[in-house]
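Participant: I'd like to ask you about the structure that follows.
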Amino acid sequence: MAADMRLPNIRKLVSLSLSAGDRRDLVVPGDVITSDSGFMRGHGTYVDEEKLTASVAGEVQRVDKLICVRPLKTRFNGEVGDVVVGRITEVQQKRWKVETNSRLDSILLLSSVNLPGGELRRRSAEDELTMREYLLEGDLISAEVQSVFSDGALSLHTRSLKYGKLGQGVLVQISPSLIKRQKTHFHNLPCGASIILGNNGFVWLYPTPGQQDEEAGGFYTSLEPISLSDREVISRLRNCLLALSAHKVLVFDTSVLYCYESSLQHQVKDILKPEVMEEIVMLTQQKLIEQEG
Amino acid sequence: MATVQVSEAEKVYILHGIRDDLRVDGRGCEDYRHMEIETDVVSNTDGSAKVSLGHTAVLVGIKAEIGKPRPMAPNEGYLEFFVDCSANATPEFEGRGGEELGKELSNTLYKVFNNKHSVDLKKLCISKGEHCWVLYVDVLLLQCDGNLYDAMSVAIKAALFSTKIPKVHISNDEEGGKEIELSDDPFDCMRLDVENVPCIVTLCKVGHRHVVDATLQEKACSVASLIISVTHKGTVTCVRKMGGGSLDPESIFEMTETGKRVGKALHVPLMKLLQQEESLGTRQKVGFLG
Numbered sequence: 001m002a003a004d005m006r007l008p009n010i011r012k013l014v015s016l017s018l019s020a021g022d023r024r025d026l027v028v029p030g031d032v033i034t035s036d037s038g039f040m041r042g043h044g045t046y047v048d049e050e051k052l053t054a055s056v057a058g059e060v061q062r063v064d065k066l067i068c069v070r071p072l073k074t075r076f077n078g079e080v081g082d083v084v085v086g087r088i089t090e091v092q093q094k095r096w097k098v099e100t101n102s103r104l105d106s107i108l109l110l111s112s113v114n115l116p117g118g119e120l121r122r123r124s125a126e127d128e129l130t131m132r133e134y135l136l137e138g139d140l141i142s143a144e145v146q147s148v149f150s151d152g153a154l155s156l157h158t159r160s161l162k163y164g165k166l167g168q169g170v171l172v173q174i175s176p177s178l179i180k181r182q183k184t185h186f187h188n189l190p191c192g193a194s195i196i197l198g199n200n201g202f203v204w205l206y207p208t209p210g211q212q213d214e215e216a217g218g219f220y221t222s223l224e225p226i227s228l229s230d231r232e233v234i235s236r237l238r239n240c241l242l243a244l245s246a247h248k249v250l251v252f253d254t255s256v257l258y259c260y261e262s263s264l265q266h267q268v269k270d271i272l273k274p275e276v277m278e279e280i281v282m283l284t285q286q287k288l289i290e291q292e293g
Numbered sequence: 001m002a003t004v005q006v007s008e009a010e011k012v013y014i015l016h017g018i019r020d021d022l023r024v025d026g027r028g029c030e031d032y033r034h035m036e037i038e039t040d041v042v043s044n045t046d047g048s049a050k051v052s053l054g055h056t057a058v059l060v061g062i063k064a065e066i067g068k069p070r071p072m073a074p075n076e077g078y079l080e081f082f083v084d085c086s087a088n089a090t091p092e093f094e095g096r097g098g099e100e101l102g103k104e105l106s107n108t109l110y111k112v113f114n115n116k117h118s119v120d121l122k123k124l125c126i127s128k129g130e131h132c133w134v135l136y137v138d139v140l141l142l143q144c145d146g147n148l149y150d151a152m153s154v155a156i157k158a159a160l161f162s163t164k165i166p167k168v169h170i171s172n173d174e175e176g177g178k179e180i181e182l183s184d185d186p187f188d189c190m191r192l193d194v195e196n197v198p199c200i201v202t203l204c205k206v207g208h209r210h211v212v213d214a215t216l217q218e219k220a221c222s223v224a225s226l227i228i229s230v231t232h233k234g235t236v237t238c239v240r241k242m243g244g245g246s247l248d249p250e251s252i253f254e255m256t257e258t259g260k261r262v263g264k265a266l267h268v269p270l271m272k273l274l275q276q277e278e279s280l281g282t283r284q285k286v287g288f289l290g
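So the sequence lines, in the order shown, correspond to chains A and B. Counting from 1, one number per residue, gives the positions in the first sequence under the working numbering. Counting from 1, one number per residue, gives the positions in the second sequence under the working numbering.
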């Protein structure tokens with residue numbers, strides 16, 4: 001039995017980089033971006049007394065004469081090729097609805113999944129009837145954005161063996177703006193667990209799989225108990241991710257790994273205490289700066 | 001109640017973790033998440049407290065008003081509970097959505113405090129049969145992340161601790177009637193003895209074991225939970241079973257024993273913290289924007 005009670009402290013973010021005040025391209029709502037009338041008004045801006053003003057907090061982006069502000073705190077705006085982790089919310093005719101933290105539920109068509117029995121299999125009426133056997137409400141999947149519909153909803157596909165239903169593991173939800181875009185979002189971390197960094201801010205932590213059975217087409221999930229050591233690594237990674245996200249540090253394989261290494265001197269359950277979190281994130285940022293320089 | 005969806009495989013992962021005494025966030029089965037408590041956060045109440053436990057946030061305000069004692073207990077004051085579920089916590093609470101949960105929570109609170117020892121109600125009496133203090137305990141749920149009951153009870157205890165009831169003076173006027181005069185001095189006030197105020201411990205049965213302070217994900221894996229309110233001496237004032245599943249008599253016994261032990265241990269750091277905050281005097285409040 002352990003109960004840790006304390007008085008709240010005013011939170012401050014750990015930051016070793018330049019102070020945000022020096023960055024001209026970061027704005028808060030009401031900041032005047034430009035008073036030059038030669039620019040066009042894009043998303044996240046409005047004209048107030050002939051001055052272009054930001055309506056959201058974020059980064060100013062300019063394309064030619066068009067000025068937009070990309071908000072930092074936002075839902076997921078998917079682009080083709082993004083890796084996402086999502087949760088099935090509905091099974092419909094020939095398609096699944098998937099929650100991916102976007103404004104609208106994403107869609108996974110029956111024709112864009114790999115069914116057991118090979119790539120070139122025809123989808124018959126029976127397949128339509130047995131959709132629930134493959135993916136059920138509440139199931140988690142990893143997928144890639146195939147296209148974006150005109151209303152902004154995403155169409156997903158899992159036509160690769162690396163995508164598909166997710167088995168045992170832990171889901172961590174962080175802000176999509178904190179995920180760094182990279183060549184690959186699937187990593188087998190050397191500490192003994194694997195991670196899928198979904199562009200939508202859903203991060204999936206799971207024990208590194210052994211040999212995979214290709215016949216099942218990614219729909220088979222093992223319900224075998226996971227060893228205690230793997231569990232501890234996953235729990236530690238989960239708490240590290242939450243610490244990074246609390247201090248707004250960009251999440252990618254290196255930062256997660258450095259954070260994991262910095263946290264090793266603490267117990268897993270202590271990582272979420274504010275002072276420990278601060279210390280770990282500080283160490284992580286130092287390591288990241290050293291590595292860059 | 002705010003619910004989350006959990007897939008079968010995730011459930012298995014959580015279940016096995018609890019069996020091995022290592023939960024998803026690294027805690028053991030009887031560990032609480034870390035708790036932040038602050039009292040006197042709302043200036044227009046007589047006592048208030050804000051508690052956050054993980055992402056669960058509860059605000060309690062206590063208003064003291066003069067009312068008429070209940071006919072059954074003419075020399076006692078009484079407590080009224082009201083729980084409001086803010087739509088900030090989850091969109092389900094919008095409109096009348098939170099009413100049912102609020103009702104359930106406040107009914108539990110009435111049961112928990114329905115005994116002579118929790119709060120000294122006689123102290124709340126002003127003049128027998130005519131005037132007494134009524135303490136309106138208003139609970140506001142700001143965020144739900146599991147374990148509402150425990151957070152709520154801790155917040156109520158903290159708020160009762162910080163409650164300052166002005167002293168009253170009764171004088172007889174010429175016509176024989178009584179006149180009540182409130183003291184103007186803000187420091188001339190009465191404090192409540194919260195030593196015996198119980199804390200609620202919620203135990204969720206997950207698989208073959210039970211956990212305290214379950215997160216929403218863990219709650220989704222459990223079929224039944226037991227709510228036990230325990231005083232600092234280990235006296236149980238109320239037990240309730242929640243959820244649709246059934247509990248074995250043997251496991252109820254086990255859970256009550258754990259609840260008693262955990263509840264007893266919960267009071268120690270809480271009282272220490274409240275006294276520490278008191279001794280710090282006028283500290284700058286963190287409030288809601290910290």
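We treat Cβ as the ideally placed atom computed from N, Cα and C, and that holds for glycine.
#1: Give, in chain order, every residue of the stretch 264-282 of chain A whose Cβ lies closer than 9 Å to some Cβ of chain B.
#2: Where in the stretch 161-249 of chain A do unbroken runs of the beta strand (DSSP E), each at least 3 residues long, occur, reported from the N-terminal end onward?
#3: Using the three-state DSSP reduction, which class does Asp20(B) fall into: helix, strand or coil?
#4: Ignore the nearest five residues each way along the sequence and tell me which others in Pro71(A)'s own chain have a CB closer than 7 Å to its CB.
#5: From Glu232(A) to Gly26(B), what distance separates their C-alpha atoms?
#6: Does the Cβ-Cβ distance between Leu148(B) and Ser86(B) come in under 8 Å?
#7: State the start and end residues of the unbroken beta strand (DSSP E) segment that holds Glu80(B).
#8: Once the 5 residues before and after Val262(B) are set aside, which same chain residues still bring their CB inside 7 Å of it?
#9: With 8 Å as the threshold, decide whether the Cβ of Arg75(A) is near any Cβ in chain B.
#10: What do you get for His232(B), buried or exposed, if any count of 16 or more other CB atoms within 10 angstroms of its CB means buried?
#11: What did DSSP end up calling His210(B) once you bin it into helix, strand or coil?
#12: Between Tyr109(A) and the rest of its own chain, which residues show a CB-CB distance below 6 Å, the 5 nearest in sequence each way excluded?
#13: Is there a C-beta anywhere in chain A that falls below 8 Å from the one on Val12(B)?
#14: What residue range does the beta strand (DSSP E) around Glu144(A) cover?
#15: Anything in chain A within Cβ reach of His16(B), meaning under 7 Å, just list it in chain order.
#16: Ignore the nearest five residues each way along the sequence and tell me which others in Glu65(B)'s own chain have a CB closer than 7 Å to its CB.
#17: Could one say the Cβ of Glu215(A) lies closer than 8 Å to chain B's Cβ atoms, at least one of them?
#18: Distance check for Lys122(B) and Lys116(B), CA to CA, integer angstroms please.
#19: Can you tell me where the alpha helix (DSSP H) holding His267(B) begins and where it ends?
#20: How is the alpha helix (DSSP H) around Pro71(A) delimited, first residue to last?
#21: Residues of the stretch 106-139 of chain A in Cβ contact with chain B at a cutoff of 9 Å, in chain order, please.
#22: Within the 8 Å Cβ cut-off, does Asn101(A) reach chain B?
#23: Going by the beta-carbon positions, is the gap between Gly78(A) and Val172(A) smaller than 8 Å?
#24: Please name the residue in Val60(A), Val32(A), Arg62(A), Ala193(A) whose C-alpha comes closest to that of Glu50(A).
#25: Can the beta-carbon of Ile62(B) be found less than 8 Å from the beta-carbon of Cys221(B)?
#26: Could you tell me which chain A residues have their CB closer than 9 Å to the CB of Tyr32(B), listed as they occur along the chain?
#27: Is the Cβ of Asn200(A) closer than 8 Å to any Cβ of chain B?
#28: From Asp253(A) to Leu272(A), what distance separates their C-alpha atoms?
#29: Where do the ends of the beta strand (DSSP E) carrying Thr100(A) lie?
#30: For the candidate residues Glu279(A), Glu128(A), Val148(A), whose alpha-carbon lies nearest to that of Gly81(A)?
#31: Closest Cβ-Cβ distance between Gly95(B) and chain A: below 8 Å?
#32: I want to verify the contact list: residues of chain B whose CB lies under 7 Å from the CB of His221(A), in sequence order.
#33: Gly201(A): which of Ser229(A), Val85(A), Glu126(A), Arg122(A) sits nearest, CA to CA?
Facilitator: Working from what's here:
#1: Per Cβ criterion, the list reads Gln267, Val268, Lys269, Asp270, Ile271, Leu272, Lys273, Pro274.
#2: For the stretch 161-249 of chain A, whole beta strand (DSSP E) runs of length 3 or above, ordered along the chain, are 170-173, 186-188, 193-197, 202-207.
#3: Coil, per DSSP.
#4: Non-local beta-carbon contacts of Pro71(A) in its own chain, meaning distances under 7 Å to residues more than five positions away in sequence, involve Gly44, Val56, Ala57, Gly58 in chain order.
#5: Rounded to the nearest angstrom, the two C-alpha atoms are 7 Å apart.
#6: No, Cβ-Cβ distance for Leu148(B) and Ser86(B) is not below 8 Å.
#7: Taken as a continuous stretch (DSSP letters only), the beta strand (DSSP E) holding Glu80(B) covers 78-85.
#8: Closer than 7 Å at the Cβ level, and outside the excluded window around Val262(B), lie Glu30, Val201, Val212.
#9: Not one chain B Cβ lies under 8 Å of Arg75(A).
#10: Per the 10 Å Cβ criterion, buried.
#11: Three-state DSSP puts His210(B) in a strand.
#12: The sequence given here places Leu at residue 109(A); Tyr does not occur at that position. Beyond the five residues adjoining it in sequence on each side, Leu109(A) comes within less than 6 Å, by CB distance, of Arg95 in the same chain, given in chain order.
#13: With 8 Å as the cut-off, Val12(B) counts as an interface residue toward chain A.
#14: Following the DSSP letters along the chain, one finds Glu144(A) inside the beta strand (DSSP E) bounded by residues 140-148.
#15: Per Cβ cutoff of 7 Å: Pro225, Ile226.
#16: Only Val134, Tyr136 meet the Cβ criterion.
#17: With a pLDDT of only 49 at Glu215(A), under the threshold of 50, the placement of this residue in the model should not be trusted; the figure read from the coordinates follows. Cβ-Cβ to chain B under 8 Å: no for Glu215(A).
#18: When the Cα atoms are used, Lys116(B) and Lys122(B) turn out to be separated by approximately 9 Å.
#19: Start and end: 249-279.
#20: No alpha helix (DSSP H) contains Pro71(A), which is instead part of the beta strand (DSSP E) from 66-71.
#21: So the list reads Leu136, Glu137, Gly138, Asp139, given in the order they occur along the chain.
#22: Not closer than 8 Å to any Cβ of chain B, the Cβ of Asn101(A) fails to qualify, so no.
#23: Cβ atoms of Gly78(A) and Val172(A): not closer than 8 Å.
#24: The shortest Cα separation from Glu50(A) among Val60(A), Val32(A), Arg62(A), Ala193(A) belongs to Val32(A).
#25: Their beta carbons are not under 8 Å apart, which means Ile62(B) does not touch Cys221(B) by this criterion.
#26: Result: Met1, Ala2, Ala3, Asp4, Met5.
#27: Taking CB atoms only, Asn200(A) has no neighbour in chain B less than 8 Å away.
#28: Approximately 20 Å, taken between the alpha carbons.
#29: That residue, Thr100(A), is in no beta strand (DSSP E); it is neither H nor E in DSSP.
#30: Looking at Glu279(A), Glu128(A), Val148(A), the one whose alpha-carbon comes closest to that of Gly81(A) is Val148(A).
#31: No, Gly95(B) lies away from the interface with chain A (no Cβ there is under 8 Å from its Cβ).
#32: Reading off the sequence, residue 221(A) comes out as Thr, not His. The answer, in chain order, is Ala9.
#33: When only C-alpha atoms are compared, the closest one is Val85(A).
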